[in-house]
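Going left to right, the sequence shown walks through residues 249 to 691 as this note's numbering numbers them. Even for Gly, the Cβ is constructed at its ideal location relative to N, Cα and C. Model, not experiment: these values are computed from the prediction. Just below is one structure, and these are the notes that go with it.
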Amino acid sequence: MTVADAKVIAPDLTVFDHKKGREIKLLGGLAEWCLRYSPLIMLDPPDGLLLDITGCAHLRGGEREFLKDMIGRLKVIGYDVRPGIADTIGCAWGVARCAQKGLIVPEGGHRNALMPLPPSALRLPMDLLMKLQNLGLDKIRSFVHMPHSVLRRRFQKELVLRLLQALGQEEEFLIPLKEAVPYTERIECLEPVRTREAIEIAVFKLLDALCKRLYGEGKGLRQSELIWFRIDGKKGQIAIGTSQASNRTDHLFKLFSLKFDQIEPALGIELFVLEASLVEAVNDKQAGLWAGKPGLESEEIAELIDRIMGRIGNEGIRRYQPSEHYWPERAAAPDYHEDNRIDGEWWNDRPRPIQLLEQPELIQAMALTPDYPPKMFTYRGKRHVIVAADGPERIEREWWLDPGEHRDYYVVEDEEGGRYWLFRSGHYDSKESQLWYLHGYFA
Numbered sequence: 249m250t251v252a253d254a255k256v257i258a259p260d261l262t263v264f265d266h267k268k269g270r271e272i273k274l275l276g277g278l279a280e281w282c283l284r285y286s287p288l289i290m291l292d293p294p295d296g297l298l299l300d301i302t303g304c305a306h307l308r309g310g311e312r313e314f315l316k317d318m319i320g321r322l323k324v325i326g327y328d329v330r331p332g333i334a335d336t337i338g339c340a341w342g343v344a345r346c347a348q349k350g351l352i353v354p355e356g357g358h359r360n361a362l363m364p365l366p367p368s369a370l371r372l373p374m375d376l377l378m379k380l381q382n383l384g385l386d387k388i389r390s391f392v393h394m395p396h397s398v399l400r401r402r403f404q405k406e407l408v409l410r411l412l413q414a415l416g417q418e419e420e421f422l423i424p425l426k427e428a429v430p431y432t433e434r435i436e437c438l439e440p441v442r443t444r445e446a447i448e449i450a451v452f453k454l455l456d457a458l459c460k461r462l463y464g465e466g467k468g469l470r471q472s473e474l475i476w477f478r479i480d481g482k483k484g485q486i487a488i489g490t491s492q493a494s495n496r497t498d499h500l501f502k503l504f505s506l507k508f509d510q511i512e513p514a515l516g517i518e519l520f521v522l523e524a525s526l527v528e529a530v531n532d533k534q535a536g537l538w539a540g541k542p543g544l545e546s547e548e549i550a551e552l553i554d555r556i557m558g559r560i561g562n563e564g565i566r567r568y569q570p571s572e573h574y575w576p577e578r579a580a581a582p583d584y585h586e587d588n589r590i591d592g593e594w595w596n597d598r599p600r601p602i603q604l605l606e607q608p609e610l611i612q613a614m615a616l617t618p619d620y621p622p623k624m625f626t627y628r629g630k631r632h633v634i635v636a637a638d639g640p641e642r643i644e645r646e647w648w649l650d651p652g653e654h655r656d657y658y659v660v661e662d663e664e665g666g667r668y669w670l671f672r673s674g675h676y677d678s679k680e681s682q683l684w685y686l687h688g689y690f691a
């Protein structure tokens, strides 16, 4: 039908330009909205959603109340839907689209529910539907009792497959839009939540329930997400991470509280969902009376790091592992492990600067005697007079990695108290001026 003919029939018709992918985008948004009803949702383009509500319906008073609540809320936001509930995906699909009544199929009743439905309830292609119609097989009961070998020979194997799936005699799996998180807690609010105090109470209850479960299994979370659903159909999310597995409610609540300002309740929040997306075992060791735990093994230090990262972001703190290289630029490497394991040992026989420059910077230096530290150097236009020095420490270049000269390093202190790590590149040569570099700061 042309737009002109359509407007003759419906003068108030509103016309929109078709945009490729718009239907899928809208369907995806509706699927996210339906996460409040089930964590397992699959898109069924172009106009359907499949929800696995196993263990969910009783939370809303049973299947009938479940459907009533869902249909009512969807109508409020502008959707007119036809639902269907059954033991199998195929039966629920057919009931939702073709049944006149009995949208909730009782357990084991899928065969009786399918009998009066047309073949289109079996998700068959159009050419196969036309063939069935031409033969007068206009209801599923017309051919459901036929031998499968006959149906397969006359109508190909797809008809038999869809029929067996709808009857529950062939397995069919729902591929969820989002994988279910095993460690999940949720709270449905009796009244829409708008205040920070109410949000804090809800989050603390969720964390307390989740942490009790994790503690009972000897586990702790490393990453967690708080998702909230608003009554206007929108949702939001904040996330936290920890440096080591934790099941301490107070500590995790402090991390979430740093991000409460990001929660915008608008007209109100009706559902909170807490997910632990990364869970690890907690190594509970008996604490000694006097001995403390070093480094990141200390729970207090780990929690301090978590709070700092919660304020300034995960990139605010970096950890490095010792690397088996003599060359200073290669002596340490970023640690990307999820645990606190140290893979090597730090060389601490000689002092190293607190801050090492990524690349040495060229300076102008003056040394009175060969192989002696400089008496003065100029860096970025500022002259530094050296009052104390220690060295040299010769570090040979790793010739198997790249060619070049060795370095003679000096620890020097200027008259203002600044301490620097300088080096001369290569051997002293009276015919050529030597290149000096600044490589780090001690203070």
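Whether residue i touches residue j by CB criterion (8 Å)
i, j, result
"G674", "V659", "no"
"A487", "V530", "no"
"M290", "L298", "yes"
"L370", "A414", "yes"
"G464", "Q603", "no"
"L462", "V521", "no"
"E518", "I479", "yes"
"I611", "L503", "no"
"T497", "D456", "yes"
"R330", "R345", "yes"
"G666", "A637", "no"
"R321", "F314", "no"
"W684", "A613", "yes"
"A579", "S491", "no"
Whole-Å CB distance - residue i paired with residue j, under 8 Å assumed
i, j, result
"H306", "A334", "Not a contact, Cβ separation roughly 17 Å."
"S472", "S525", "7 Å"
"L288", "D300", "4 Å"
"V635", "E661", "6 Å"
"L411", "V398", "12 Å between Cβ atoms; not a contact."
Start and end residues, alpha helix (DSSP H) containing residue i
i, result
"E551", "547-560"
"L376", "374-382"
"G320", "311-324"
"Q404", "396-414"
"I337", "337-346"
"A205", "In the structure displayed, the chain extends from 249 to 691; residue 205 sits before or after that span and is not available."
Span of the beta strand (DSSP E) around residue i
i, result
"I257", "Element bounds for I257: not the beta strand (DSSP E) but the alpha helix (DSSP H), 251-257."
"H632", "630-643"
"K483", "483-494"
"C437", "432-441"
"T626", "624-627"
"I611", "603-614"
"E528", "517-529"
Any non-hydrogen atom of the ligand NAD within 7 Å of residue i CB
i, result
"I449", "You won't find the ligand NAD in this model; it holds no ligand whatsoever."
Rounded straight-line distance, which links the Cα of residue j to that of residue i
i, j, result
"H499", "F477", "25 Å"
"A539", "G466", "Low per-residue confidence applies at A539: pLDDT is 47, beneath 50, and the placement is therefore not dependable enough to give any value."
"Y657", "E548", "38 Å"
"I257", "V263", "13 Å"
"L385", "S286", "37 Å"
"L670", "E664", "17 Å"
"P440", "E512", "13 Å"
"S368", "G342", "8 Å"
"P574", "I272", "Note that residue 574 corresponds to Tyr in the displayed sequence, not to Pro. Cα to Cα, the separation comes out at about 56 Å."
"P618", "L552", "49 Å"
Three or more C-beta pairs below 8 Å linking the stretch 415-423 and the stretch 363-374: Short answer: they don't touch.
Touching by the beta-carbon criterion (3+ pairs, under 8 Å), the stretch 437-454 and the stretch 375-386: Result no; under three Cβ-Cβ pairs closer than 8 Å.
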